[in-house]
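Enquirer: A single structure is presented below for examination.
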Amino acid sequence: MAGLMAGFGHYTHAVVRGIPASLAKEALRSSQSDVDLAKAQREHEGYVEVLRTRLGLEVVELPADESLPDCVFVEDAAVVCGDTALITRPGAESRRREVGKCQHMFHSMIHYAENKKKSLM
Numbered sequence: 023m024a025g026l027m028a029g030f031g032h033y034t035h036a037v038v039r040g041i042p043a044s045l046a047k048e049a050l051r052s053s054q055s056d057v058d059l060a061k062a063q064r065e066h067e068g069y070v071e072v073l074r075t076r077l078g079l080e081v082v083e084l085p086a087d088e089s090l091p092d093c094v095f096v097e098d099a100a101v102v103c104g105d106t107a108l109i110t111r112p113g114a115e116s117r118r119r120e121v122g123k124c125q126h127m128f129h130s131m132i133h134y135a136e137n138k139k140k141s142l143m
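In this note's numbering, the protein residues as written are 23 to 143.
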């Protein structure tokens, strides 16, 4: 397991978001090919399983948001390294609401960690 993460630093958490049904018809993409929603959901479940079991990460799972068809691509809205989160500004107007949702999640995680730390003192 450690060999899989060699050279990438030490990570403890991964943030993922569920796949909304709206992904199949409304998500932005470069090709016009159809999205097999059931297949995408199976692949996503496998991805989350690898993060948990093979990489040993604590996975923070955000629910899918039908009003944000591309929300499953959470890495486009924020990149985290250490204790710093870089919140992006997506080029597509339709994706900008995703950023606020990620900011809220990070703020919640910070408050949770601070309260947990205080309770241990």
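From the three backbone atoms N, C-alpha and C, an ideal C-beta is built for every residue, glycine too. Predicted model, so just to flag it, every value in this text is computed and none were measured.
Looking only at DSSP bridge pairs, what is LEU108 linked to?
Expert: The partner list for LEU108 (beta bridge, DSSP) reads VAL101.
Enquirer: Once you ignore the five residues that flank PRO112 on each side, which residues in its own chain have a CB closer than 8 Å to its CB?
Expert: The residues are ASP98, ALA99, ARG118, GLU120 and VAL121.
Enquirer: Report the three-state DSSP secondary structure of VAL57 (helix, strand or coil).
Expert: Coil, per DSSP.
Enquirer: Can you give me the C-alpha to C-alpha distance between GLU80 and VAL70, rounded to a whole angstrom?
Expert: About 10 Å.
Enquirer: Using 9 Å as the threshold, is the C-beta distance between GLY40 and VAL101 below it?
Expert: No, the Cβ-Cβ distance between GLY40 and VAL101 is not below 9 Å.
Enquirer: How big is the Cα-Cα spacing for LEU73 and ALA46?
Expert: Each residue's alpha carbon lies about 24 Å from the other.
Enquirer: Taking a contact to mean a Cβ-Cβ separation below 9 Å, would you say SER44 touches SER89 in this structure?
Expert: Result yes, Cβ atoms of SER44 and SER89 sit closer than 9 Å.
Enquirer: Which residues in the same chain as CYS85 place their Cβ atom closer than 7 Å to its Cβ, once the five residues preceding and following it in sequence are excluded?
Expert: Before going on, a small fix: residue 85 reads as Pro here, not Cys. Within the same chain, PRO85 has close Cβ partners GLY40.
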